[in-house]
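Just add 85 to wherever you are in the sequence shown, counting from 1, and you've got the working numbering. Here a beta-carbon is modelled for each residue, glycine too, at the ideal position from N, C-alpha and C.
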Amino acid sequence: MKKFIFFLSFFLSAYAKAQSPLVKQWDYRFGGELYDYLNSFQQTNDGGYILGGYSSSGISGDKTQPSWGNLDFWVVKIDALGIKQWDKRFGAAGIDYLNALEQTADGGYILGGNSDSGVGGDKTQPSRGAVDYWIIKTDSLGN
Numbered sequence: 086m087k088k089f090i091f092f093l094s095f096f097l098s099a100y101a102k103a104q105s106p107l108v109k110q111w112d113y114r115f116g117g118e119l120y121d122y123l124n125s126f127q128q129t130n131d132g133g134y135i136l137g138g139y140s141s142s143g144i145s146g147d148k149t150q151p152s153w154g155n156l157d158f159w160v161v162k163i164d165a166l167g168i169k170q171w172d173k174r175f176g177a178a179g180i181d182y183l184n185a186l187e188q189t190a191d192g193g194y195i196l197g198g199n200s201d202s203g204v205g206g207d208k209t210q211p212s213r214g215a216v217d218y219w220i221i222k223t224d225s226l227g228n
């Protein structure tokens, strides 16, 4: 029995030493001077990530385009190391919430959310009611 306990304790200590601790690879924050919310993200075909949410920030911090209204869709593309490649905002005069995004087969992105904005800014169709779906298709650079 003593040999078994010795072997078990030796095995467990060797196993514990062989396990390396989890090490954070990187972390970044993205935002402007006001409110910036992340709702969706996905790994992209190039190994980076596409991040999407909504923002009330103007040009400041990591945001490079002015706000159109109260809240706008805000999309940030980062590489595999977390370095920002580009960012885009889409919106109009009202409140525009980005809820989901996905990379498409052509390498672009489809963005989906809600909007109470009328025509203006980036929005080309009038509202049909209090709040509507708003879908946007972009190319691989967010245009």
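Q127 versus G214 - alpha carbon distance: The residue labelled residue 127 in the question sits at position 42 within the sequence shown. The residue labelled residue 214 in the question sits at position 129 within the sequence shown. Rounded to whole angstroms, Q127 and G214 show a C-alpha spacing of 31 angstroms.
Own chain, CB closer than 6 angstroms to T189, minus 5 neighbours either side, in chain order: As a working mapping, residue 189 is identified with position 104 in the sequence shown. Answer for T189: I195, listed in chain order.
For S237, list the residues DSSP reports as bridge partners. Because the chain is modelled from 86 through 228, residue 237 falls outside the range shown and cannot be assessed.
Rounded separation between F158 and V108 - CA only: Walking along the sequence shown from the start, residue 158 turns up at place 73. Walking along the sequence shown from the start, residue 108 turns up at place 23. Just so you know, the alpha carbons of F158 and V108 end up roughly 33 angstroms apart.
What do you get for G137, buried or exposed, if any count of 16 or more other CB atoms within 10 angstroms of its CB means buried? For the purposes of this step, residue 137 is taken as the residue at position 52 of the sequence shown. Result: buried.
Keeping to the same chain, check which residues put their C-beta closer than 6 angstroms to that of T223; ignore five residues upstream and five downstream. Counting from one through the sequence shown, the residue named residue 223 turns up at place 138. Excluding its 5 nearest sequence neighbours in each direction, T223 has C-beta neighbours in its own chain below 6 angstroms: G193 and Y194, listed in chain order.
What does a CB cutoff of less than 7 angstroms around L123 pick up in its chain, not counting 5 residues either side in sequence? Start at 1 with the first residue of the sequence shown, and residue 123 comes out as number 38. Cβ within range, chain order: L136 and G138.
What's the C-alpha gap between S202 and P106? Indexing the sequence shown from 1 puts residue 202 at position 117. Indexing the sequence shown from 1 puts residue 106 at position 21. Taking the straight line joining both Cα atoms gives about 49 angstroms.
Using the beta-carbon count (16 or more within 10 Å), is L166 buried or exposed? Looking up residue 166 in the sequence shown gives position 81. Exposed: under 16 other Cβ atoms inside 10 Å.
Any chance you could list the beta strand (DSSP E) runs of at least 3 consecutive residues sitting entirely within the region 156–193, in chain order? The qualifying runs are 157–163, 169–175 and 181–188.
Cutting at 6 angstroms between CB atoms, please list the residues of its own chain near T209, excluding the five before and the five after it. On the sequence shown, position 124 is the one that residue 209 refers to. The answer is none, since no qualifying residue turns up.
How is Y139 classed by DSSP in three states: helix, strand or coil? If you number the sequence shown from 1, residue 139 lands on position 54. Three-state DSSP puts Y139 in a strand.
Count the other CB atoms, across all protein chains shown, that sit within 10 Å of the CB of G176; report buried if there are 16 or more and exposed otherwise. Here residue 176 refers to the residue found at position 91 of the sequence shown. That one is buried.
Going by Cα to Cα distance, which pick from E187, I168, L183 and D207 is closest to Q110? Locating residue 110 in the sequence shown gives position 25, counting from the first residue. Comparing Cα positions, the closest option is I168.
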